[in-house]
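Engineer: Right, I'll just put the structure down here and ask away after.
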Amino acid sequence: MQEGPVRSDSPVTTAERLMDQREGVVLRSCSCGWQRVTSYRGLRIHQGKTKCQSREQSRRSAAAGKTQEDRGQGENHSTQDLNSDALDPGSTALPEELEPSASDSQPRLTTRERKEESFTRKEKIKWPRANDKASWETLDSDLSNILEQGLKGDVEKKLNRFGELVYDFCSGRLGTIPSSERKPGGNSAMSRRQKEIAKLILRRRHLRKLWKKASASEKGGLQALWEEVRARLKTLRRAERFRRKRKRRENQRKQFYKNPYRFARSLLEEKKGGNLSVGKEELEAHLSATYSDQEKSKPLESPGYVPRPTEPSNPMDVSPPKWSEVLAAVQRARSAAAPGPNGVPYRVYKFCPKTLRVLWRLMQVAWRKQCVPVAWRRAGGVLIPKEKVSSTIEQFRNISLLNVEGKLFFTVLAKRLTKYLISNNFIDTEIQKAGIPGFPGCTEHANTIWSQIQIARRQKEDLHVVWLDLANAYGSIPHKVIRYALDFFWVPVEIRQMIENYFSDFRLCISTRDYVTKWQQLEKGIAMGCSISPLLFTMGFEILLLGAKQVVGGVRAPSGEKMPPLRAFMDDVTSILRTAPCTKRLLQRLEELSKWAGMKFKPAKSRSLSLRKGKISNKTFTVNDQIIPTLQEQPVKSLGRLYTSSLKDSDRGPETVEQAVRGLRSIDECELPGRLKVWCAQFMLFPRLKWSLKTYNISLSVVDQIDRKANTYIRRWLGVPRCLSTVALYGNNMLSLPLSSIAEEYKVEKVRLVLELEGSRDSSVRAVTKNICTGRKWKAKDVISQAVNRLHHKDLVGAVQVGRSGLGWGERLHRWSSANPSERRQLVTQEVRRMEEEKRRVVAVGQRQQGAWVNWEGAVGRKLTWNDLWGMQNFRLSFLLRAVYDVLPTPQNVTRWFKNEETCLLCGMERADLKHILSSCKIALQQGRYTWRHNRALRQIAITLENVRRESAGTETSWQPIQFVRGGQRPKEAAPRSNNVGGGPLSRGKWKLLADLDSQLRFPEDICVTSLRPDLVMWSADQKTVAIVKLTIPWEENIQSAHERKKLKYEELAQQCRQNGWRTHLYPVEVGVRGFVGTSLMRLCRDFQIRGKAQTQFVRSVAEEAEKSSFSLWIKRKTRSWKSRDDCVGGRAETSILSSRRPEAYQKQGTKRP
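Each residue of the sequence shown is one higher than the last, beginning at 1 in UniProt numbering.
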């Protein structure tokens, strides 16, 4: 079929569109697999570059016994073979599937599948940034039009072409990232320094040989020459060593900023790599032996007594996928997930809703017709090494990459199938918890097994535990078992037929560095990476569990609850029984069922534990006629918990400490700046430790030991002294860092664990998990009880207003009485964190020097985010932390620390503190240092107000009435902005602005005659309104007193203006010397309608300007001369930047542009 013309990927004129139609711009294909939306000329250019036409002609000339037709000039590349089933080069339709021959062992391949024999992973596309919405909208609009016009044929052909057309269009418009080519062996070209080093080494050897043969009179001169060469060589080697270190530092920073999580993971994980040493034929033989089922034609016999569940009371939804389901599946998918064979990632459908709607409509048609296209049944496999040096097949793990369009389709199907199984209680959630939403399966199973073992030890009872491991579980389950399970659980016929079509011709191939295997059909096993395959495995394995649990009964808990005999999470099975005969009978039944299902257990990886009257015995069990190793012979790790012969967690604490220390050392040895090392510890090392701290019974004392070691490294990385309190690092103070304490996270995780186990929907879990051991120093039970009592008290008190906020202002209070179980767990954990913060606040109150920030009245706190830390220099961050908590090496602190009497080098004051250096030194005041800092902060305020004045000119203010909510009603959706929307007071009249910068400001005489000099004046003669701004840079503890002092000083001027008929607004504004603004600046933002992001940026710019200026003053504290304002760190550069943005209003009254 001939496809119509496809719209180009950029806006074109009518003439260009006519030219494209004349040249035939369509989706064209080449025999080598190349496809592109292009003209015939573009196709010929490709053939000329890649020599495809000559290879095709030679291949056709070699074919015997086939009639060839004459070819025209425009038909050189098209397949005109009378015996061929290929299509025209301009066609986009797929060839029809060839019917398989009865004599063939494998289904006969189509032309499309023969083309897929040369499958290789496609290059990544240069996608726009996530915040570039305009580019995504344009791409989405053009791509959806291309798909609607370019897709022809039935739904299967459209879906087969969908991903390829998306990739071709996006790669043509956006370009691709070329895959890194392997560098040839050998060293790179040597630099001049390296060449000189090599020459000097040879010369030194030559001089040594001459010295050995020289006479006594000649040795002195040779010794001098040798020393000269040695000194030069030492200098060059030192320079070369510094160069390599600098290059290594640059490379590590580049890798970190490119992908911080991958870089941090590489620091902590053991390096895994290697190349597959087997050939293509051997790997293909291995795949054929693994995924071929010799008994697929044999009917599946009955598994024995396995009670089939009753017919479902809640039928499964078999309607086509809804838009909300597809959209939810796309939103849950990871953007960084690797794409399938067509090269299209999830990112396209996350940012292109129109394209997703086109795909959704095709999915609906495919669902109705029970059609699964070939493109969804092809998986490109990659081999992931398991060990440091991997070479054999067993040392690699196969991961299948499927096309995301099919994964979205089967995600919706898996979601519905899961809901169907759970609503009808077809899955016994006491035994199997894998893939079941609402059950923390690993946590519940691991704690239940451990609790039963500990109860048997304490009560001196018999207990037999066997951990079983299936050999290649996912790759060995036959498809006929999956079909049997679908029928066993009453799955509707439409769904069963769809899954049957999916697995009927599912193929995969493995791509290595040197070759690509041919497509191998999966006659058994599932593909790791498929959306629905894990659930299908769970259904098939559930039949084995249902049949096995019928032969024995479980152990009874101390509360009388009967426990299940088995615990399973996917293929990990654990049996827990009281007697050895019952355990043998259960193992025998499991062996029979696994043989029926075509799978088998692996005794070498299984373990057993037998307790006789609470003590370990040497009782052993067998499976597949092989003895299962006991726990005494070798430990076992199951579901994230390690079981050893000691049956204690006393060794887990030191192991966790060693893991933490090893990780901190690895991070410390890298060449990243300190703040980035802190990020690696917070987001990669600490989460790795959380699982061990949550799972094992580790006491708080061990966690405190980890916390102390981590604090030592964090202080070093941040550039702060060892005396800095942990309150400064982890507290919600005036200066908050985005850091979390290991001790606090340990307490929160233990509290969450207790709440999860006690609130589990599984009664057997609640029956055995009564106490979680956390040591004698801290108990989770007591903390939970205290937190719940505090929440009950909050319900009684209700919402309480803080400060000057009005009634109802603030966050909504979540009440304990009306919260659901999930919300109650969240409320308790939040209350535990609040209790920890209160303890830190008590410590801060008792610290006279580092806790002085608790007395800062009228100051607004600063919360540093990771974006702020990434953009800060290390020395600036170090200064900010040390200045806020007063641990800088001031004369006062140096005298206290080292008993050395020091004075201020400017004025000679003894034991001068930080307050004196930054705001009280007379010499610094006389030299204009404080005035320079004041003007830099004032310039930021003036720039922002001038921008607001310009943007507000001509805008109108609209008013939105406040909603009145009656009792028992809910408020309607309010506007995203506040009640009054518009430019505020500056939107009415013509406003002017004057600032006291670079020259003295004279107050406008038409308003009032005065000798006072405010820092900034804005007035409107039309509105008879004037705003007076006075900026002060005080010590943070004096912000409130400075506000009252300046307000009292300029109140007389304001009264005179009011007497002259002017509406006057007075704004005394304070910004602390360490970058903490006062609440008066927030009032200024409110009155001038500076909201949201603009307010945040404005406040941040003013605060950072004051902080940077104080840092410059701190650096120059020992320099007696102060030449100009540019005589500071970064002063000249920043001044020039600000000068370029200076408003035109500053030019008035004879002011000069700086």
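Glycine is no exception: its CB is placed at the ideal position from the N, C-alpha and C atoms.
1) Just checking my contact of Pro-499 with Leu-508 at CB under 8 Å: how many whole Å lie between their CB atoms?
2) Tell me whether the beta-carbon of Thr-656 lies closer than 8 Å to the beta-carbon of Ser-610.
3) On the three-state DSSP scale, how would you describe Trp-367?
4) Does the Cβ-Cβ distance between Thr-583 and Val-466 come in under 8 Å?
5) Given a cut-off of 8 Å, decide if Phe-683 and Ile-742 are closer than it, judged by their beta-carbon atoms.
6) Which residues share a DSSP beta bridge with Asp-572?
7) Where does Lys-990 land, buried or exposed, given buried means 16+ other C-beta within 10 angstroms?
8) DSSP on Phe-898, reduced to helix/strand/coil?
9) Measure from the alpha carbon of Val-748 to the alpha carbon of each residue in Glu-837, Asp-998, Arg-812 and Ser-1011, then state which is nearest.
10) Tyr-1067 and Ala-1027 look like a contact to me (Cβ under 8 Å); what is the Cβ gap, rounded to whole Å?
11) Alpha carbons only, please: which of Arg-244, Cys-170 and Arg-752 is nearest the one belonging to Thr-443?
12) Using the Cβ count rule (16 or more neighbours within 10 Å means buried), how would you classify Lys-480?
13) Let me confirm a value: Asp-1022 is counted as buried when at least 16 other C-beta atoms fall within 10 Å, else exposed. Which label applies?
14) Consult DSSP for Met-539 and reduce its assignment to one of helix, strand or coil.
15) By Cβ distance, which residues of its chain are closer than 6 Å to Ile-627, with the 5 residues on each side in sequence left out?
16) Within 10 angstroms of its Cβ, does Asp-782 collect 16 or more other Cβ (buried), or is it exposed?
17) Using a threshold of 8 Å, state whether the C-beta atoms of Leu-159 and Ala-375 are closer than that.
18) Is His-479 helix, strand or coil by DSSP?
19) Expressed to the nearest angstrom, what Euclidean distance is found between the alpha-carbon atoms of Asp-154 and Cys-530?
20) With Tyr-885 and Ala-728 assumed to form a contact (beta carbons below 8 Å), what rounded beta-carbon distance in angstroms separates them?
21) What does the alpha-carbon distance come out to for the pair Ile-923 and Thr-903?
22) Taking 8 Å as the CB-CB limit, is Arg-589 close to chain B?
23) Can you list, in chain order, the residues of its chain whose CB lies under 7 Å from that of Ser-559, leaving out five sequence neighbours each side?
24) Measure the alpha-carbon distance for Leu-233 versus Lys-694 and round it to whole angstroms.
25) Count the other C-beta atoms from every protein chain shown that fall within 10 angstroms of the C-beta of Cys-723, then say buried if there are 16 or more, exposed otherwise.
26) For Trp-856, name the three-state secondary structure that DSSP assigns.
27) Give the straight-line distance between the Cα atoms of Ser-84 and Lys-524, rounded to the nearest whole angstrom.
28) Does the beta-carbon of Asp-795 have 16 or more other beta-carbons within 10 angstroms, so that it is buried, or is it exposed?
29) Have a look at Leu-737, Thr-50 and Arg-1083 and flag the residue whose alpha-carbon is nearest the alpha-carbon of Arg-804.
30) For Ala-379, name the three-state secondary structure that DSSP assigns.
31) Run through DSSP, which three-state label would Tyr-474 get?
32) Contact between the stretch 358-367 and the stretch 391-398 is defined here as three or more beta-carbon pairs at a separation below 8 Å; is this criterion met?
33) Please state the DSSP three-state secondary structure of Glu-910.
34) Would you mind giving the Cβ-Cβ distance between Phe-1076 and Glu-1036, rounded to the nearest angstrom? I have them listed as a contact below 8 Å.
35) What does a CB cutoff of less than 8 Å around Glu-494 pick up in its chain, not counting 5 residues either side in sequence?
36) Between the C-alpha atoms of Lys-549 and Asn-697, what's the straight-line distance to the nearest angstrom?
Structural biologist: Checking against the coordinates, here is how it stands:
1) Along the sequence shown, read from residue 1 onward, the residue named residue 499 stands at position 499. Along the sequence shown, read from residue 1 onward, the residue named residue 508 stands at position 508. Correcting the residue type first, residue 499 is Ile in the shown sequence and not Pro. Not a contact, Cβ separation roughly 17 Å.
2) Here residue 656 is taken as the residue at index 656 of the sequence shown, counted from 1. Here residue 610 is taken as the residue at index 610 of the sequence shown, counted from 1. In this structure, Ser-610 does not lie closer than 8 Å to Thr-656 by Cβ.
3) On the sequence shown, residue 367 is found 367 positions in, with the first residue counted as 1. Three-state result, Trp-367: helix.
4) Taking the first residue of the sequence shown as 1, we reach residue 583 at position 583. Taking the first residue of the sequence shown as 1, we reach residue 466 at position 466. Yes, they are a contact pair.
5) Within the sequence shown, residue 742 is the residue found at index 742, counting from 1. Within the sequence shown, residue 683 is the residue found at index 683, counting from 1. No, these two residues do not count as a Cβ contact at 8 Å.
6) Position 572 of the sequence shown, counted from the start, is the residue given in the question as residue 572. Answer by DSSP bridge pairing, in chain order: Phe-569.
7) Taking the first residue of the sequence shown as position 1, residue 990 is located at position 990. Counting Cβ neighbours within 10 Å, Lys-990 comes out exposed, since fewer than 16 surround it.
8) Here residue 898 refers to the residue found at position 898 of the sequence shown. In the structure shown, Phe-898 sits in a helix (DSSP, three-state: H, G or I).
9) Here the question's residue 748 lines up with position 748 in the sequence shown. Answer by Cα proximity: Glu-837.
10) Start at 1 with the first residue of the sequence shown, and residue 1067 comes out as number 1067. Start at 1 with the first residue of the sequence shown, and residue 1027 comes out as number 1027. Their Cβ separation, rounded to whole angstroms, is 7 Å, which keeps Tyr-1067 and Ala-1027 in contact under 8 Å.
11) Against the sequence shown, residue 443 aligns to sequence position 443. Looking at the Cα atoms, Arg-752 is the closest of the given residues.
12) Numbered from 1 along the sequence shown, position 480 holds the residue referred to as residue 480. It is buried - the Cβ of Lys-480 has at least 16 other Cβ atoms within 10 Å.
13) Within the sequence shown, residue 1022 is the residue found at index 1022, counting from 1. That one is exposed.
14) Translated into the one-based positions of the sequence shown, residue 539 becomes position 539. Three-state result, Met-539: helix.
15) In the sequence shown, counting from the first residue as 1, residue 627 sits at position 627. The answer, listed in chain order, is Thr-620.
16) Looking up residue 782 in the sequence shown gives position 782. Exposed.
17) Your numbering for residue 159 matches position 159 in the sequence shown. Your numbering for residue 375 matches position 375 in the sequence shown. Yes; because the gap between Cβ atoms is below 8 Å, this pair is in contact.
18) On the sequence shown, residue 479 is found 479 positions in, with the first residue counted as 1. Helix, per DSSP.
19) Mapped onto the sequence shown, residue 154 falls at position 154. Mapped onto the sequence shown, residue 530 falls at position 530. Distance between the alpha carbons of Asp-154 and Cys-530 is about 25 Å.
20) Residue numbering aside, residue 885 sits at position 885 when the sequence shown is read from its first letter. Residue numbering aside, residue 728 sits at position 728 when the sequence shown is read from its first letter. Tyr-885 to Ala-728, Cβ: 5 Å. Contact.
21) Here residue 923 is taken as the residue at index 923 of the sequence shown, counted from 1. Here residue 903 is taken as the residue at index 903 of the sequence shown, counted from 1. Rounded to the nearest angstrom, the two C-alpha atoms are 14 Å apart.
22) In summary, chain B is missing from the structure at hand, where a single protein chain is found.
23) Your numbering for residue 559 matches position 559 in the sequence shown. These residues qualify, in order along the chain: Ala-767.
24) Counted from its first residue, the sequence shown places residue 233 at position 233. Counted from its first residue, the sequence shown places residue 694 at position 694. So the alpha carbons of these two residues sit roughly 56 Å apart.
25) Residue numbering aside, residue 723 sits at position 723 when the sequence shown is read from its first letter. That one is exposed.
26) As a position in the sequence shown, residue 856 is number 856, starting the count at 1. Reduced to three states, the DSSP call for Trp-856 is coil.
27) Here residue 84 refers to the residue found at position 84 when the sequence shown is read from its first residue. Here residue 524 refers to the residue found at position 524 when the sequence shown is read from its first residue. Note on Ser-84: pLDDT 32, under 50, position unreliable in the model; the coordinate value appears next. Cα-Cα distance, rounded: 33 Å.
28) In the sequence shown, residue 795 corresponds to position 795, counting from 1. Classification of Asp-795: exposed, given that the 10 Å Cβ count is below 16.
29) Start at 1 with the first residue of the sequence shown, and residue 804 comes out as number 804. Among Leu-737, Thr-50 and Arg-1083, the Cα nearest to that of Arg-804 is on Arg-1083.
30) In the sequence shown, counting from the first residue as 1, residue 379 sits at position 379. Looking at Ala-379 - three-state DSSP - the assignment turns out to be strand.
31) Counted from its first residue, the sequence shown places residue 474 at position 474. DSSP places Tyr-474 in helix when its eight states are reduced to three.
32) no
33) As a working note, residue 910 is residue 910 in the sequence shown. In the structure shown, Glu-910 sits in a strand (DSSP, three-state: E or B).
34) Counted from its first residue, the sequence shown places residue 1076 at position 1076. Counted from its first residue, the sequence shown places residue 1036 at position 1036. So it is a contact: roughly 5 Å between Cβ atoms.
35) Within the sequence shown, numbered from 1, the residue matching residue 494 stands at position 494. Correct list, in chain order: Val-318 and Gln-370.
36) Along the sequence shown, read from residue 1 onward, the residue named residue 549 stands at position 549. Along the sequence shown, read from residue 1 onward, the residue named residue 697 stands at position 697. Rounded to the nearest angstrom, the two C-alpha atoms are 31 Å apart.
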